Structure formats: C-alpha cells, structure tokens
Amino acid sequence: MSAPLDLPRWADTVLVPALSVVAAFLVAGLVVLGIGENPLSATRYLLQGSLGTGEGLGFTLFYMTDFIFVGLAVAVAYHAGLFNIGGEGQATLAGLGVALVVNNLTFLPGFLLIPLGILGAAAFGAAWAAVPGYLQAKRGSHIVITTIMFNWLASVLIVYLLVNVLREPQSMNPETRAFPDQARIPFVHEVLGAIGIEIPASQLNLTLVLALAASYFVWLLIYRSRLGYAIRVVGSNPSAAVYAGISPARITIIAMLLSGALAGGLAVNELMGYQHRLLLEFTSGYGFVGIAVALMGRAHPVGIILASLLFGILYQGGAELAFEQPAITRDMVVVIGGIIILFAGALDGLFRRAVAHLFARQKLARA
Amino acid sequence: MDLGILVTIFDSALRLSIPLLAACLAGLWSERSGVVDIGLEGKMLVAAFAGAAGAYAFGSAWAGLLAGILASIAIGLVHGFASISQRGNQIVSGVAINMLAAGLTAIVGNAWYGQGGRTPPLEGDQRFGAVLFGHSALVYVVLLAVPVTWFVLGRTRFGLRLRAVGENPAAVDTAGISVTGLRYTAVIIAGVLCGLAGVYLSVGQAAGFLPNMTAGRGFIALAALIFAKWRAWPALGACFLFGLLDASANQLQGLSLPGIGEVPVQAIQALPYLMTVILLAGVIGKAIPPRAAGVPYVKER
C-alpha cells in the first residue's frame, strides 16, 4: 500500500461495505437487463415477496436464521486469521449428529432431547472442523485446501450413510425416518398461536432465538473475553501472539472448533426446525453464502445479522420473483452472492481507496 | 479380469482424466506465478457453457472452443484484476468466481434456451469427432500441453522468470522485469487451459451443457495439483490416477471383489480428497507450494 488508508471508523465499517453492496446490486441489475427483463419490477417482486406479506416475512426470517449461523462460523475463524470455507461440510456432519442423537434417544422428553440434538449438531460440526484446524496448526497444511477437501468428503460420506445405512428399509428416498415429535423445535406461528397471537404459518421456528443468542455470545467472546482477544491477536499477528505467550496452534484449533459448532446451527434450523428428518443436500450451498455474509458484515455480529437479513430477503424474494418472472431463476441469488463476495471481499481495496481519496481531498479543501 | 475390461477401463480413465489434466495444468501455471486459483471450477463451468453455446450458434465445435476459451480468459482476468492489480484476497476472489459461474451459467442458459439451463443438444460438426484411437483432437491437445508446460516452465527464460515471480517477486522486480505482466500472462494461460477443460466436457465428452456439469472436477484438479507438487509430468500422473479411480468406480459398481466384498462407490470417490489431505498433512512426503503463492506483490517498500 503506497499511502496508509486513513478512514473514519464509520466510513470503514458502514460506508465501504454499503458501497460494495450497491455496486453488487448495480451489476446484478445489469445481468437482469442483459437477459431482457426489467430490473425495477424484479426488485418490486423481490421486496413484495420477502417483506410484503406476513408469510413472506416468516420465510425471510427463517433463511436469515441459516445465514446468521454460517456467517458467524466464517467470522470466528476469520478473526483468528483462518479462512474456513468448510461450512458446507461442517453443517452436513452436524445434520448427521442431529439425526443420530434424536433418532436414538427417542425415549427422552423434549426438554432434554432438543438441547441434546443441538449439542449433537455442535459437536459433529466442531469435530469436522477440528481436523482441518489440527492439520493447519500442527502439520501446516493449508486450511483452505483441507476444508475444501472436507466439504467433498462430507458430501460423499453422507450419500453413503443415507443410501446404505441410515435409510428406512421400506423408503425409496435417501433420508432417515422422521424425527420424534418431541425433538421438533416449535414453529413461531404455533408458539404465538398458543398465547393467542395469530400470525401466518411459515417455516420460521424458535431456532431464530438461538441464532440471535449465538450472535450475542460471539460478540461477547470476540470483543469482551480473554479468549476472543487471543483469537484476534493470532489473527492479526501470529508472531506477536507468541511473544505474548499465546499459542497460535492452540487458538487455531479452538477457533475452528467454535466455527464448526456454529456452522452446525444451520442443521438445527433446517432439520430440527423444519424438515424433521436428515436428507441429502439440505445445506443447499448456504455454507458459501456464509462467506458473503461474514465479509459484508465485516465479521461483526451486528453486521452479520444485517447481512443475513439481506440474504434472507434475497432468498425468499428470489423464490417469489422466479414465480412471477420465470426467466429470473433463484440462481440469481447465487450470482448476487458471488458479486458481493467479489466486491466486499476481493475488490475491497477499490472502494476503500476511492473513499480514502475523497476524504483526503475534503481535508485539503478545508485546510 | 480379461484384457478387454482393462482396455475399457484404461480408455475411460483417459477420457475422465483429460478435463482434470487441463484444469490442473491451468492451476499449475497460475500458482507457479504466485496467483492461487481455487476458481478453476468456475472457469471450467463458464467455458463449458460458452463452448456449447458457441458450437450451437455457429454450428462448429472449433467456434465453440474459441468461445469457451475467451469466456474462461475473461473470468480469469477478473480474478487477475482482483488479485494482481487490486491486491485482493485470492481465495475470496476464487470463491466469488465459483459462485458467479454457477449462477450465471444457469441463469443465462435458462434465459437463452428455456430448457432449465441446458443448451440444446449438439450434433454432427457441432461436436468434436474422433480423430485417432477413438479420441477427439482435444484429448491430444491437452496431452501435448504437458510436455509444453514442462519445457516452457523448466527450460526457457520466460519460464524461469515466471517461476521466480511465484517464489520471490521482489527479486524479479529488482531485475527490471514486470511482476504484474508475468502474473497476468500466467492467468491468461490458465484461462486458455481451463477453457480447454470446460469445452472438452460440454462439446467433446457430452453433447451439450448441463447446469453444474463440472461437478467438483475443478477441486479434484486442485487436489491433483497438490499431489503433483506443482510439476507438469507428475500432474499427468496424478490426473490419470484420479481418472482411473473414477473409471474403476464406474466399473466396480455393484461388483463383489473376492476377499473384500462389495466396495462402496463412495469409498473410491472419496479417495482423491482423502489422499490429498493425507499428503498435505505431511505423512507421506511433503507438498510445498510456491513460496509467494497467494501473496499480493507490493512494489514500494
């Protein structure tokens, strides 16, 4: 960097990410124009479908729950200087953990079974992340490559288990038997209905509360705890960490354990909250969306919640949009995710430099 | 097992290893110059789509090849701009490119042809026909790329400079050679090779494009690259090995081996990933990437 980029804090945390999101939507608008559709009416359908109805809003918040977990997972590793792109595989294994726990302990009551299922998800997700973490910390294998390989290993493993081992004998579909009723996390419309508040039915379930609690926990951990401080030191300067008596290897493994456990939240929301069984490809590529969410949210829990809401709107609105304008399929959301990762992640310097330049000129003009 | 089966397996192993090999060599060029490329998958996918669309539009497989290569180079230049000019995070850029490619090919394919993202089936001159031993010209072009890569990288002045830029860019810069220029050249060469890989899939092997048809081959190529320790001839070996695994998985499906019983296909499918992890862990040998791979070069300092 030729000149240090001195930016006011608000510009760094709000303006630069906002600019990259705006740029991403402009490019997405060009893609919509390019395939001969109207971007303005597309935006209207998108917002109408995701926020315009009670049902749509419920679905939006359901997707948001998924994205908060995977976004936090990427963020915690990111603070330790690790790039965990294995969220997809970790969530897949977490799904296995959920299924093994709740389908084998069916005799337990719900108030025990649900927490145990959540712990199962966290433990399996953490274990699947711990191996790449250990290999990075102790053997120096690059975490990016090992987490990629572990994503593929997870997808191969889950196909094998669902087709050959866990499938119900009489079922043709590669999925487990339905979870016991008491292991299902209640839907929000059921809970509110029970206390007399009627809202439209949707997939939204109480896992959202868990996601918000996890965000608060991550904030406490990263910014208010000893461990979080150690994580951030290792992330910004591993050799300084050694001088401060912090073991980067230990922190690397801990950060990956936490990251994998958080990715497991995706399985809790999708399986215990909605599908009520383990099935193939329930992660639907959300693990990668988590990267976009974390980059956009600047790896801060508040930013991640906001970015997750945006992606929730895109996923739910995108489904409605595909219904109204069939040429714009839901793949559009993947495109927007990709562009946001490109702008907010890889081309970040572009906007930072532009903004820094502007501020410098303003300062000169005032002087 | 008789000879016929062995020949069949060898033949299909070769077919399956060609796209891996082209993508693997693409990664080799890029990473040897210091630009980490996990967007091989995305470039292949875009090339597969553009190749099929081009071949369909112009009625010629070669026009498709050109379209595929150009599209792949274009995506490669986006990666180059982010990682060389903007000094952005190369991994992040690669992830973005993979997502963009998966989404864009599906959307544009659906908008153009209305067949759920597929291109119309290619036939006749729109496909690469067999020229020798039942294989198309693309197969031989890709195989030829191995000695060419070995020779150019290992035996020419340009190759020496390119390798140096991946190990110690500051030294190259001091010698008055453009780091940026060399890296962009490498990224473009990688684009051409990924283009070959993608077009081979949609115009050579299959008769048209299917959404997400690369199905993780870009990542297997990445695994092969590590396995080959970033060298050209071992890359041929690694890709052929992974192709052979794939081919034998198809052959062994439902067969029972004496003494082992039925081998699940998934066990064979998992092998390339598993072997790469084990290799990276340094249990058998050590895979050391080019020293400056993934590090943006900053001139002043």
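Chains as they are written, first to last, in my numbering: chain A, 430 to 796; chain B, 692 to 992. Even glycine gets a Cβ: it sits at the ideal position worked out from N, Cα and C. None of the values given here were measured: they were computed from a predicted structure.
* Asked: Short check: CB of A:L475 to CB of A:L750, under 8 Å?
  -> Result yes, Cβ atoms of A:L475 and A:L750 sit closer than 8 Å.
* Asked: What did DSSP end up calling A:N634 once you bin it into helix, strand or coil?
  -> In this structure, A:N634 counts as strand in the three-state DSSP scheme.
* To do: Would you kindly check if the distance between the Cβ of A:Y507 and the Cβ of A:A775 is under 8 Å?
  => Taking C-beta atoms as the reference points, A:A775 and A:Y507 fail to come closer than 8 Å.
* Could you tell me whether any Cβ in chain B is nearer than 8 Å to the Cβ of A:G778? => So, interface residue.
* **Where the beta strand (DSSP E) containing B:L823 begins and where it ends** => Element bounds for B:L823: 821 to 823.
* Asked: So A:F711 is in the alpha helix (DSSP H); what residue range does that whole segment cover?
  -> Unbroken run through A:F711: none, as it is neither H nor E.
* Asked: If you count every other CB in all the chains shown that lies within 10 Å of the CB of A:S431, and 16 or more means buried, which is it?
  -> Its pLDDT being 41, under 50, A:S431 is placed unreliably in this model, and the coordinates cannot settle the point.
* Asked: Would A:H705 be called buried (16 or more neighbouring beta carbons within 10 Å of its own) or exposed?
  -> Burial call: buried.
* Could you name the residues of the same chain whose beta carbon sits closer than 6 Å to that of A:I683, not counting the 5 residues immediately before and after it, in chain order? => Nothing meets the Cβ criterion.
* Asked: Helix or strand or just coil, what does DSSP make of A:V443?
  -> In the structure shown, A:V443 sits in a helix (DSSP, three-state: H, G or I).
* Asked: Which residue or residues does DSSP assign as beta-bridge partners of B:H826?
  -> Beta-bridge pairing by DSSP links B:H826 to B:L823.
* **Outcome for B:E814 when other beta-carbon atoms lying within 10 angstroms are tallied against a minimum of 16** => B:E814 should be labelled exposed.
* Just the Cα atoms here: how many angstroms apart are B:T796 and B:I766? -> B:T796 and B:I766 have their C-alpha atoms spaced approximately 12 Å apart.
* **Closest Cα partner of B:M790 within the set A:V461, A:F553, A:F772, A:F717** => Looking from the CA of B:M790, the closest CA among A:V461, A:F553, A:F772, A:F717 belongs to A:F717.
* Enclosing alpha helix (DSSP H) for B:S939 [first to last residue] -> Counting along the chain, the alpha helix (DSSP H) containing B:S939 begins and ends at 923 to 943.
* Less than 8 Å between the CB atoms is what I'm expecting for A:T636 and A:T494, so what's the real figure, rounded? => So it is a contact: roughly 5 Å between Cβ atoms.
* Evaluate contact between the region 583 to 596 of chain A and the region 693 to 705 of chain A, counting only Cβ atoms and requiring at least three cross-stretch pairs below 8 Å. => Touching, no, given that fewer than three Cβ pairs across the two stretches are closer than 8 Å.
* Using beta-carbon positions only, say whether B:I775 and B:V727 come within less than 8 Å of one another. => The beta carbons of B:I775 and B:V727 sit no closer together than 8 Å.
* Chain-order list of residues whose beta-carbon lies under 6 Å from that of A:G539 (same chain, five-residue window excluded) -> Beyond the five residues adjoining it in sequence on each side, A:G539 comes within less than 6 Å, by CB distance, of Q611 in the same chain, given in chain order.
* Among the residues of its own chain, which have a CB less than 7 Å from the CB of A:Y744, if the five just before and after it don't count? -> Taken in chain order, the residues that qualify are Y492, V762.
* What span of residues does the alpha helix (DSSP H) with B:M735 cover, start to end? -> Run containing B:M735: 731 to 749, per the alpha helix (DSSP H) assignment.
* **Cut-off 8 Å between Cβ atoms - residues of its own chain near A:G510, not counting five sequence neighbours on either side** => Excluding positions up to five away in sequence, the list reads V663, G664, S665, P667.
* Asked: Along chain A, which residues have their Cβ under 8 Å away from the Cβ of B:I782?
  -> Ordered by position in chain A, the residues that pass the 8 Å Cβ test against B:I782 are F512, I514, V573.
* To do: Using the Cα positions of A:A550 and A:V461, report the straight-line distance between them to the nearest angstrom.
  => Looking at the backbone, the Cα of A:A550 and that of A:V461 are separated by about 39 Å.
* To do: Under 6 Å Cβ to Cβ from B:F900, same chain only, skipping five residues before and after it: list those, please.
  => Cβ neighbours of B:F900 beyond the five flanking positions: A739, F740, A743, T810, S893.
* Asked: What do you reckon, are the CB atoms on A:A723 and A:G562 nearer than 8 Å?
  -> For the pair A:A723 and A:G562, the CB atoms are not nearer than the 8 Å cut-off.
* What does A:R798 reach in chain B if we use C-beta pairs closer than 9 Å? -> Because residue 798 of chain A is not part of the residues shown, which for chain A are 430 to 796, the question remains open.
* Asked: Under 7 Å Cβ-Cβ, which residues of chain B neighbour A:Y589?
  -> Neighbours of A:Y589 on chain B, chain order: P955, Q957.
* Could you please tell me which residues of the region 827 to 838 of chain B, in chain order, have their CB closer than 7 Å to any CB of chain A? => Along the region 827 to 838 of chain B, none of the residues has a CB nearer than 7 Å to a CB of chain A.
* To do: For chain A, find out if any of its Cβ atoms is closer than 8 Å to the Cβ of B:A752; answer yes or no.
  => No, its Cβ sits nowhere closer than 8 Å to a Cβ of chain A.
* To do: Rounded to whole angstroms, what's the CA-CA distance from A:V530 to B:V856? Just pull it up for me.
  => Near 52 Å, if we compare the C-alpha coordinates of B:V856 and A:V530.
* Asked: Which residue from B:L731, B:R706, B:F819 puts its Cα closest to that of B:G909?
  -> Nearest neighbour of B:G909 by Cα position, chosen from B:L731, B:R706, B:F819, turns out to be B:L731.
* Asked: How close, in whole Å, do the beta carbons of A:F496 and A:Y715 come, if the pair is a contact with beta carbons under 8 Å?
  -> Confirmed, about 7 Å.
* Where do the ends of the alpha helix (DSSP H) carrying B:F918 lie? -> Counting along the chain, the alpha helix (DSSP H) containing B:F918 begins and ends at 908 to 918.
* Asked: Does B:A821 come within less than 8 Å of chain A when only Cβ atoms are used?
  -> For B:A821, the nearest beta carbon of chain A is not closer than 8 Å to its own beta carbon.
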